[in-house]
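Take a look at the structure set out below.
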Amino acid sequence: MTTEHEFDVVIVGAGGAGMRAALESSQRAKTAVITKLYPTRSHTGAAQGGMAAALSNVEDDNAEWHTFDTVKGGDYLVDQDAAEILCKEAVDAVLDLEKMGLPFNRTPEGKVDQRRFGGHTRNHGEAAVRRACYAADRTGHMILQTLYQQCIKQEVEFFNEFYVLDLILDGDPQAAGDDGEVAAAGVVAYQLSTGEVHTFRAKSVIFATGGAGKVFKTTSNAHTLTGDGMGIALRAGIPLEDMEFFQFHPTGLAGLGILLSEAARGEGGILRNSEGERFMERYAPTIKDLAPRDMVARAMANEVREGRGCGPNKDYVLLDLTHLEPSHIDEKLPDITEFARTYLGVEPYTEPVPVFPTAHYAMGGIPTNVQGEVLRDNTHVVKGLYAAGECACVSVHGANRLGTNSLLDINVFGRRAGIAAAEYANATDVTPELPADASARVEALVAQLRETVGGDGTERVAQIRKELQETMDRNVQVFRTSDSLAEAHGVVKELQERYKNVAIHDRGTRFNTDLLEAIELGFLLELSEVVIAGAEGRKESRGGHYREDFPTRDDENYMQHTMAYKRADGTVDLDWKPVVVTKYQPMERKY
Amino acid sequence: MTATAEKPAEAGAIPSMTVTLKILRFDPDGLDGREAGTEYWEEFTVEAHATDRVLDALHKIKWEQDGSLAFRRSCAHGVCGSDAMRINARNRLACKTLLKDLNPAKPIMVEPIKGLPVEKDLIVDMEPFFASYREIMPFLMTTGTAPERERLQSPEDRARFDDTTKCILCAACTTSCPVFWTDGQYFGPQAIVGAHRFIFDSRDEGEWDRLEILNDKAGVWKCRTAFNCTEACPRGIEVTKAISEVKHALNTGEI
Ligand SMILES: Cc1cc2nc3c(=O)[nH]c(=O)nc-3n(C[C@H](O)[C@H](O)[C@H](O)COP(=O)(O)OP(=O)(O)OC[C@H]3O[C@@H](n4cnc5c(N)ncnc54)[C@H](O)[C@@H]3O)c2cc1C
Ligand code: SF4
Ligand code: FES
Chain A
0 MTTEHEFDVV IVGAGGAGMR AALESSQRAK TAVITKLYPT RSHTGAAQGG
50 MAAALSNVED DNAEWHTFDT VKGGDYLVDQ DAAEILCKEA VDAVLDLEKM
100 GLPFNRTPEG KVDQRRFGGH TRNHGEAAVR RACYAADRTG HMILQTLYQQ
150 CIKQEVEFFN EFYVLDLILD GDPQAAGDDG EVAAAGVVAY QLSTGEVHTF
200 RAKSVIFATG GAGKVFKTTS NAHTLTGDGM GIALRAGIPL EDMEFFQFHP
250 TGLAGLGILL SEAARGEGGI LRNSEGERFM ERYAPTIKDL APRDMVARAM
300 ANEVREGRGC GPNKDYVLLD LTHLEPSHID EKLPDITEFA RTYLGVEPYT
350 EPVPVFPTAH YAMGGIPTNV QGEVLRDNTH VVKGLYAAGE CACVSVHGAN
400 RLGTNSLLDI NVFGRRAGIA AAEYANATDV TPELPADASA RVEALVAQLR
450 ETVGGDGTER VAQIRKELQE TMDRNVQVFR TSDSLAEAHG VVKELQERYK
500 NVAIHDRGTR FNTDLLEAIE LGFLLELSEV VIAGAEGRKE SRGGHYREDF
550 PTRDDENYMQ HTMAYKRADG TVDLDWKPVV VTKYQPMERK Y
Chain B
0 MTATAEKPAE AGAIPSMTVT LKILRFDPDG LDGREAGTEY WEEFTVEAHA
50 TDRVLDALHK IKWEQDGSLA FRRSCAHGVC GSDAMRINAR NRLACKTLLK
100 DLNPAKPIMV EPIKGLPVEK DLIVDMEPFF ASYREIMPFL MTTGTAPERE
150 RLQSPEDRAR FDDTTKCILC AACTTSCPVF WTDGQYFGPQ AIVGAHRFIF
200 DSRDEGEWDR LEILNDKAGV WKCRTAFNCT EACPRGIEVT KAISEVKHAL
250 NTGEI
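Chains as they are written, first to last, in numbering that gives the first Met the number 0: chain A, 0 to 590; chain B, 0 to 254.
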């Protein structure tokens with residue numbers, strides 16, 4: 000049995016991007032937000048350190064410096080027109096949140112306080128600048144709560160614990176060509192509490208489904224960040240952009256991947272190797288520990304590789320906060336120091352904290368233009384289809400995102416997508432018809448998995464996922480080579496085959512999370528292949544993508560975004576899209 | 000290069016152990032010959048490390064033994080509020096409770112939080128809880144035109160309501176409250192925490208609207224200061240203190 004709904008705008012995801020979009024869209028058009036988690040469970044709430052904006056509240060700053068840092072930090076793969084918008088609209092994005100009630104930390108004069116963060120500098124690299132607006136180390140939590148509170152105020156309609164599993168378009172985006180048109184018609188969702196399938200017919204659809212960190216084993220991402228939106232778009236024939244660029248955050252709790260914000264270094268924390276050396280002085284003499292994440296993560300991995308790691312297995316380095324005043328730590332970094340105490344039993348006042356890079360952020364995703372409209376190739380949009388936040392690629396982060404630019408991204412481009420989607424809906428007379436068999440693919444997927452209960456499938460979801468994550472950590476992390484990528488590619492292909500033989504155990508219809516984990520694994524397996532294919536195709540090193548066999552950046556051949564298409568026969572093809580350069584010609588990236 | 004997920008910090012030094020979990024289950028579908036709505040205890044034994052979270056043990060069960068075991072979780076480090084449950088008769092987050100902090104000699108008792116309708120196993124219906132939260136108007140209320148820049152607020156004024164901004168809506172407090180269990184009307188402590196966060200925010204002008212709601216029969220006067228909520232809160236919020244500040248404001252008319 001399928002229940003049918005009709006809205007002007009349907010937003011998939013209730014993290015920062017989805018709810019920021021909903022606040023705009025629901026004022027203008029009939030809007031539904033569909034989310035697999037309760038809104039306040041979204042991983043935006045885990046974000047810690049801050050949100051960048053050149054407010055100049057504590058020292059001189061401007062949007063142009065911020066744009067330059069974003070472009071340089073992204074190793075020149077950033078689309079500069081998008082970065083200009085991001086940094087220009089940043090100030091209003093922060094002020095809007097403040098007006099909604101967000102409890103930012105304050106300066107003595109009562110203004111929003113700002114602190115330093117990696118890669119954010121004064122006057123094109125002179126010195127670190129205080130640009131990150133923050134609320135202790137709970138900035139994301141405050142953003143998520145504040146946006147949710149505003150959604151309550153505006154009576155936004157939520158469908159909580161509904162998993163969107165399919166996107167309905169009125170045509171094949173890969174067959175439309177230059178003259179054809181393809182438009183969104185709606186989505187199909189599975190309701191966790193009942194097992195029922197729902198169709199949502201809509202004039203506009205916005206994807207805001209967040210990241211895909213669970214393709215890796217060691218990650219700062221939630222269990223639920225399985226790249227569903229990206230996977231759904233890929234299956235619908237839409238390309239994914241720059242998926243080989245994954246950010247490994249330097250300071251995950253060793254062995255666990257739980258994040259310790261860069262704010263720890265922004266507040267004065269120092270990385271040390273087994274000799275007690277502040278090794279970042281060698282890798283980035285000017286801004287040292289506050290160099291961009293890709294450089295710090297590689298430096299750490301290199302220290303470990305060269306035998307200067309700490310601990311019994313010499314497999315991590317130390318984050319030293321012991322020279323900071325405990326009261327300063329309590330005021331500025333209360334949560335992350337508690338993570339170290341709770342999960343590693345380490346007291347950061349007196350002991351350095353074991354850390355190692357952790358898979359953190361997908362720079363790539365569903366390609367969009369600056370209005371949030373989804374691209375089906377290098378130039379054509381899918382009408383009525385939008386994406387924003389971590390699942391999207393505008394691309395403001397290029398090859399490496401600067402810390403605090405994602406909370407900014409979800410607010411700026413979430414807002415833009417919400418407005419554009421509602422305006423498009425209002426300018427469109429009729430809601431597209433859903434085909435009679437709109438829900439067929441989801442129904443078949445669910446039925447097929449249900450039938451595996453007690454059947455002769457021999458594979459377990461958790462086992463395949465574990466092997467996938469292990470091969471990704473081993474072969475596709477901060478250092479990559481053609482051999483490591485080929486190995487990972489082979490493993491993923493084999494796991495995709497084994498996945499066909501998977502069996503689940505829950506035969507129930509209510510809260511069947513067993514079934515959904517199996518479906519989520521399907522997305523992870525497809526996305527991993529795209530990450531690897533992109534990494535194999537990009538024979539250079541840039542930002543978060545480092546090829547030991549091609550250790551330098553190659554602007555001649557690769558000032559281009561990767562566009563990965565999944566073909567009807569299941570193969571992944573790569574194409575390229577030129578980077579938009581407005582002002583900043585690529586330069587060597589030194590800090 | 001691999002991270003060290005397989006062998007955490009003091010690898011080798013971390014003793015592995017066998018733990019038994021006794022889980023209160025609820026079957027909404029009526030499978031395997033049970034009637035729909037059957038409640039029953041089931042015991043599972045897993046190999047785990049002392050530094051593992053209860054959530055890790057639950058995952059082991061779900062992933063290796065019984066895929067039908069249902070519980071909510073997302074962040075796995077105590078910030079999303081998904082996995083409040085009763086562990087050894089105390090409300091806690093499964094992802095913030097380490098096995099080493101529980102007595103390994105005895106089975107670990109795991110039950111859904113109390114006072115909200117159970118849906119399946121450790122999953123309860125959170126809707127009544129969120130409805131109480133919505134009722135106290137948890138959003139900044141101001142009058143007049145908004146300033147062009149930010150509203151100013153001194154660090155001291157900001158500190159006034161810092162504690163209650165930390166709430167992750169996990170419901171551990173509300174579902175540990177004896178009044179909430181027995182009185183179908185009571186909002187529960189979280190709603191008061193949610194209101195406190197705005198009442199004591201110098202920028203907000205809706206404090207008396209909210210205080211009026213809390214003054215209501217379902218509100219703050221039902222609290223019997225049992226302190227269960229403060230003990231249960233995984234964010235370390237002094238819930239009882241927040242409630243008493245609200246009571247004080249109502250008694251004195253001062254904020
Ligand atoms: C630990 C951590 C710390 C961070 N700190 C910072 C920081 O200090 N500064 C900064 O700028 N950035 C930070 N980031 C990055 C930033 O927080 C994220 O990139 C950003 O919050 C993502 O927001 P989002 O709205 O795109 O996605 P999320 O907040 O992840 O939301 C995704 C939403 O999509 C929904 N969803 C997913 N799949 C489906 C589906 N199939 N059907 C229906 N709904 C679905 C989910 O329910 C959820 O509501 C941090 C990230 C992490 C992990
Ligand atoms: S006050 Fe504490 S226990 Fe209660 S809902 Fe908030 S975080 Fe959970
Ligand atoms: S899983 Fe997020 S709080 Fe426990």
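Built from N, CA and C at the ideal position, the CB exists for glycine as well.
From a predicted model like this one, the values you see are computed outputs, not experimental measurements.
According to the Cβ coordinates, are residue i and residue j closer than 8 Å?
{"i": "A:Thr225", "j": "A:Ala211", "result": "yes"}
{"i": "A:Arg114", "j": "A:Gly176", "result": "no"}
{"i": "A:Gly371", "j": "A:Ala386", "result": "yes"}
{"i": "A:Glu389", "j": "A:Lys331", "result": "no"}
{"i": "A:Ile606", "j": "A:Val369", "result": "Look at the range of chain A in this structure, 0 to 590, and you will see that residue 606 of chain A is not part of it."}
{"i": "A:Ala485", "j": "A:Ile167", "result": "no"}
{"i": "B:Leu20", "j": "B:Ala56", "result": "yes"}
{"i": "A:Ala298", "j": "A:Ala45", "result": "no"}
List, in chain order, every chain A residue whose beta-carbon is nearer than 9 Å to that of residue i.
{"i": "B:Trp62", "result": "Arg459, Val460, Ala461, Gln462, Arg464, Lys465 and Glu516"}
In terms of residue numbering, what span does the beta strand (DSSP E) encompassing residue i cover?
{"i": "A:Phe103", "result": "Run containing A:Phe103: none; DSSP gives neither H nor E here."}
{"i": "A:His359", "result": "Val352 to Ala361"}
{"i": "A:Ser203", "result": "Val196 to Phe206"}
{"i": "A:Gln476", "result": "No beta strand (DSSP E) contains A:Gln476, which DSSP labels as neither H nor E."}
{"i": "A:Glu63", "result": "Note, A:Glu63: premise wrong, no beta strand (DSSP E); alpha helix (DSSP H) at Ala62 to Gly72."}
{"i": "A:Leu520", "result": "A:Leu520 -> not in any beta strand (DSSP E); alpha helix (DSSP H) instead, spanning Thr512 to Gly536."}
{"i": "B:Gly32", "result": "That residue, B:Gly32, is in no beta strand (DSSP E); it is neither H nor E in DSSP."}
{"i": "B:Thr164", "result": "It is not in any beta strand (DSSP E) - B:Thr164 instead sits in the alpha helix (DSSP H) that spans Asp161 to Thr164."}
Say the cut is 7 Å; is the CB of residue i nearer than that to a heavy atom of ligand 2?
{"i": "B:Ala170", "result": "yes"}
{"i": "B:Ile236", "result": "yes"}
{"i": "A:Val578", "result": "no"}
{"i": "B:Thr173", "result": "yes"}
Output the boundary residues of the alpha helix (DSSP H) element that contains residue i.
{"i": "B:Lys113", "result": "Careful: B:Lys113 lies outside any alpha helix (DSSP H) and carries neither H nor E."}
{"i": "B:Ser243", "result": "Val238 to Thr251"}
{"i": "A:His560", "result": "Careful: A:His560 lies outside any alpha helix (DSSP H), inside the beta strand (DSSP E) at Gln559 to Lys565."}
{"i": "A:Glu450", "result": "Ala439 to Glu450"}
{"i": "A:Leu484", "result": "Ser481 to Tyr498"}
Starting from residue i, find everything on chain A with Cβ-Cβ shorter than 7 Å and list it in chain order.
{"i": "B:Gly66", "result": "Ile503, His504, Asp505 and Asp513"}
{"i": "B:Val123", "result": "Result: empty, since nearest Cβ-Cβ is about 11 Å, beyond 7 Å."}
{"i": "B:Thr164", "result": "Pro102 and Met141"}
{"i": "B:Glu149", "result": "Leu94, Glu97, Lys110 and Val111"}
On the premise that residue j lies in contact with residue i, defined as a C-beta separation below 8 Å, what is that separation, rounded to the nearest angstrom?
{"i": "A:Ala502", "j": "A:Thr427", "result": "With a Cβ gap of about 44 Å, A:Ala502 and A:Thr427 do not count as contacting."}
{"i": "A:Ala182", "j": "A:Pro431", "result": "6 Å"}
{"i": "B:Cys94", "j": "B:Arg72", "result": "6 Å"}
{"i": "B:Val192", "j": "B:Thr174", "result": "Actually they are not in contact, since the Cβ atoms of B:Val192 and B:Thr174 sit about 14 Å apart, beyond 8 Å."}
{"i": "A:Val393", "j": "A:Asp78", "result": "7 Å"}
{"i": "A:Val352", "j": "A:Leu323", "result": "Actually they are not in contact, since the Cβ atoms of A:Val352 and A:Leu323 sit about 12 Å apart, beyond 8 Å."}
{"i": "A:Phe510", "j": "B:Ala35", "result": "In fact, because the Cβ distance is near 13 Å, the residues do not count as touching under 8 Å."}
Which residues in chain A sit within 8 Å of residue i, going by Cβ to Cβ distance?
{"i": "B:Lys119", "result": "Gly507, Arg509 and Phe510"}
{"i": "B:Pro27", "result": "Gly507, Arg509 and Phe510"}
Verify the contact flag: residue i, CB atom, against every heavy atom of ligand 3, threshold strictly below 7 Å.
{"i": "B:Ser81", "result": "yes"}
{"i": "B:Val123", "result": "no"}
{"i": "B:Ala93", "result": "yes"}
{"i": "A:Val380", "result": "no"}
For ligand 1, I want to know if residue i counts as a neighbour, meaning its beta carbon is within less than 7 Å of at least one of the ligand's heavy atoms.
{"i": "A:Val11", "result": "yes"}
{"i": "A:Ser219", "result": "yes"}
{"i": "A:Leu406", "result": "yes"}
What residues from chain B crowd round residue i, counting only those whose CB sits closer than 8 Å?
{"i": "A:Asn104", "result": "Pro154 and Arg157"}
{"i": "A:Gln149", "result": "Phe138"}
{"i": "A:His119", "result": "Simply none; closest approach about 20 Å."}
{"i": "A:Ala45", "result": "Cys74, His76, Val78 and Cys79"}
In chain B, which residues lie with their C-beta within 9 Å of the C-beta of residue i?
{"i": "A:Leu36", "result": "Arg71, Ser73, Cys79 and Ser81"}
{"i": "A:Pro325", "result": "Ordered by position in chain B, no residue passes the 9 Å Cβ test against A:Pro325, which lies about 16 Å from the chain."}
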